[in-house]
Amino acid sequence: MNIAKYPVKITLYKKGEMIYFSQLDIMHVLERALRRTPLALFYTQGFNPHVKISFSKALKLGVEGKIEVTLYFTSKVSLDELTGNLTPQLPAGLDIV
Amino acid sequence: MVYSLFNVMDFKLFQKPQRYIGNEWNVVKKDHSNKVTICLGYPDLYEVGMSNLGLRIIYGALNQFNDVVCERVFMPAPDLARFLRKRNKKLFSLETKTPLDQFAVLGFNFNYVLNFINFLHILNLGGLPVKASQRRDIIVLGGGIDNPQPLAEFVDVFFLGEFEGTVPNFVNVLRKYKDKESRLKALSQIEGVYVPKFYTSVFENNSYKLIKDYKYAKLPIKRVYVRDLNTSFYPVKWLTPHTQIIHDRIPVEIARGCPNQCTFCQARAFYWPYRQRSISTIEETVKESYRHSGYENFSFLSLSASDYSSIEDLIDRTSAFFQERKIGLSLPSLRADDILGRLYTKLAKIKKTSLTIAVEAANESLRRDLNKKIDINKLFEAVKVVRTLRLKHIKTYFMFGFPQETGDDLAAIGVLLRKLHSQSGLSLNASINTFIPKPFSLWEGEPMQTEAVLLQKKNVILRNVRFNRNLRIFLSNPKKSILEAVICRADRKFWSVIYRAFTKDTEFSTYDDASFLKLWYNAIEEEAIDYRFYLEAKTDNFPWSFIETGQKL
Ligand code: SF4
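In the order they appear, the protein sequences are chains A and B.
Here the first sequence is numbered in this note's numbering, starting from 22 and rising by one per residue.
Here the second sequence is numbered in this note's numbering, starting from 505 and rising by one per residue.
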């Protein structure tokens, strides 16, 4: 069975306390933040499924900067809807820009 | 105000700065003015301490009160610890970076005796005198410690047993009394509380006795426990770290205690009596803690999940929730016959089930002595079936160093491992631990074997193991086990050894460092303590015998 996949691209800005968290850490932060929203998440297939998130490029540890990520859903989600649901679930220092 | 302590520095200087940030999801930060201030400590690194359920329960329970501030501190890694010492800066709480000596109470919860040095390091780095009599702040130790006596010089208050129910009483005492002496006096009258300074410990006629020096203090002291797990506090506002910790999952307790009676087991006495949480409470806890955290892994926690009376219903009622959200669930303490039988089809549906088998002894006759009930034929049938469950490996547990064990019992471990491996086709992790006669276990009165005997036995085990890359063996170091046994069985006199070991540990070593054991044994020697005395179990009772667990056999 093929599940529909709707990507949404967003840009985050990492600063303050969050600069100490690695790309892998940020991935978990985003996964859990998304899981706290009511959005219809798209999960990867296979033995160990998880929320699908892809990073455009690696961000260095210990510095401020932009992070470009693509998030995936099983139904159409507008950017506004995503921002509205995700923003309250993000820790201070990680913001959608 | 954040990092005010650190205006000269940057957390970038340290390895894994994530450990010290204190910005977890659901973290509680409060203003300190006019509040009872408490800092909870754990004498190991962040990622270990954050995996401790007891600490989380107490953190949540204390922060429920508006007039209480409860923060956390963990053992800093050696790089930060050395930095603090060199710069003369004090160790701080994670939440508000407040130096530890500014808190009214420091509460600890730990059970591992080799962490005693770290416990003193935390106090010392936080600017507090390590000895109770020289300190104005109150140090409380709760939860896991079995025998409080070796720490009696350092700790003001021990909570014996499960603390959840005592939290309101404790907070009331802190609200009502402001100076240390009256607080201690009031606390000593609460059930389950041991304040060492109100008792003298004597050893005469081959037995230990405690004498009260304050007439209202309790004696004997009874361990306290929560009567109803369905109404006791559970930290559903789960403190969710932004970095990986050792046990990266939410453990939802399904039962506390164990109805079995394995003779070597301390946990069964410690968490006596056996209590279960209802399925609806468990369901509610899972949903609420997921809603607050978004955690992708859960486990059903209990000493023996197979004994949970409606384990099938529990899995039926919760598996859809886990499946729909691709949440991993582990059931760490199932019996092999259950995996084969009633639970097989249910487990196959759950993502990532890990399989752990506590065999303890490879031969049936020794298992019978230990009161460990396993049907070994069923175990092998089960192991064949697990090939089809998506497992990476099987973990097994064994013990050695029992007085009655024979050469054949030891050799049989290797044989059993070989068979488990060939029948499952999976790689195996085997932990083979030394038997330690732990306080409150049914065999607390058995002698601990000597290092020479244990080393010999270890060799017999190793000679019979056929190593290959699918078999990983962890076999405990007898010297380390003996040290653990000494510390957990010692009396009040032993404080001087702990203190000396602490002062010797100037480099903040960890218990994997080669220097660590040496430092302890040197301390024992310099204090001229005959440690075999604690291991031979020839006394009529033990330093911890003044504590009543209440269990009836
Ligand atoms: S070893 Fe396990 S099964 Fe045996 S009494 Fe202890 S907790 Fe229960």
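Glycine included, every Cβ here is placed at the ideal spot set by N, Cα and C.
Note that the structure is predicted; figures quoted are calculated from it, not measured.
Here Glu1030 (chain B) carries a helix assignment [DSSP, helix/strand/coil].
Neighbours of Val50 (chain A) in chain B, taken as residues at a C-beta separation under 7 angstroms, are given in chain order as His746. Cα atoms of Pro982 (chain B) and Asp912 (chain B): separation of roughly 20 angstroms, rounded to the nearest angstrom. With its beta carbon at least 9 angstroms from every one in chain B, Leu33 (chain A) lies outside the interface.
Taking 4 residues as the shortest admissible run, the stretch 721-808 of chain B contains the following complete alpha helix (DSSP H) segments, listed from N- to C-terminal end: 771-774 and 783-797. Taking 9 angstroms as the upper bound on Cβ-Cβ separation, chain A lies near residues Tyr794, Arg795, His796, Ser797, Gly798, Tyr799 and Glu800 of the stretch 788-803 of chain B.
The closest CA to that of Gly845 (chain B), considering only B:Trp1048, B:Val887 and B:Phe702, is found on B:Val887. Counting along the chain, the unbroken beta strand (DSSP E) around Gly832 (chain B) starts and ends at Gly832 to Ser834. The residue among B:Arg781, B:Asp535, B:Gln765 and B:Ser810 with its C-alpha nearest the C-alpha of Ile758 (chain B) is B:Arg781.
Of the candidates A:Ile117, A:Tyr93 and A:Lys81, the residue whose Cα lies closest to the Cα of Val29 (chain A) is A:Tyr93. If you check the CB distance, Arg976 (chain B) and Ser928 (chain B) do not come in under 9 angstroms. Remark: the shortest separation between the CB of Phe906 (chain B) and any heavy atom of the ligand SF4 does not fall under 8 angstroms. Between the alpha carbons of Asp650 (chain B) and Gly949 (chain B) lies a gap of roughly 15 angstroms. Shown here, Tyr546 (chain B) sits in a strand according to DSSP, grouped into three states. A distance below 6 angstroms between beta-carbons, with the five flanking residues on each side excluded, links Ala994 (chain B) to the following residues of its chain, in chain order: Pro654 and Tyr1038. CA-to-CA, the gap between Trp776 (chain B) and Trp947 (chain B) works out to about 16 angstroms. If you look at Tyr812 (chain B), you'll find it isn't in any alpha helix (DSSP H); DSSP assigns it neither H nor E. No Cβ of chain A is located within less than 9 angstroms of the beta carbon of Ile898 (chain B). In the DSSP assignment, Leu645 (chain B) forms a beta bridge with B:Phe612 and B:Phe662. With contacts defined as CB atoms closer than 9 angstroms, Leu870 (chain B) and Glu909 (chain B) qualify as a contacting pair.
For Ile936 (chain B), the nearest beta carbon of chain A is not closer than 9 angstroms to its own beta carbon. Residues Phe702, Tyr703 and Thr704 of the same chain have their beta carbon placed closer than 7 angstroms to that of Asp717 (chain B), with the five preceding and five following residues left out of the count.
For the 9 angstroms CB-CB criterion, Thr747 (chain B) and His71 (chain A) do not form a contact. The C-beta of Pro745 (chain B) has 16 or more other C-beta atoms within 10 Å across all chains shown, which makes the residue buried. Interface annotation, Gln522 (chain B): in contact with chain A, CB-CB separation under 9 angstroms. Within the stretch 565-643 of chain B, the complete alpha helix (DSSP H) segments of 4 residues or longer fall at 582-591 and 620-629, listed in chain order. Look at Leu55 (chain A): its C-beta is under 9 angstroms from a C-beta on chain B. Taken through DSSP and simplified to helix, strand or coil, Ala79 (chain A) comes out as coil. Residue-level contact by beta carbon fails for Leu103 (chain A) and chain B, as no gap is shorter than 9 angstroms.
Per DSSP, the beta-bridge partners of Asn933 (chain B) are B:Lys899 and B:Arg976. Note: Thr860 (chain B) is bridge-paired with B:Lys899 in the DSSP secondary-structure output. Ser797 (chain B) places its beta carbon 9 angstroms or farther from that of Ile750 (chain B). Per the DSSP secondary-structure output, Trp529 (chain B) pairs in a beta bridge with B:Thr744. DSSP, read as helix, strand or coil, puts Phe518 (chain B) in coil. It is roughly 26 angstroms from the alpha-carbon of Ser808 (chain B) to the alpha-carbon of Lys741 (chain B).
Sorting B:Met903, B:Glu988 and B:Ser736 by C-alpha distance to the C-alpha of Ile562 (chain B) places B:Ser736 at the top.
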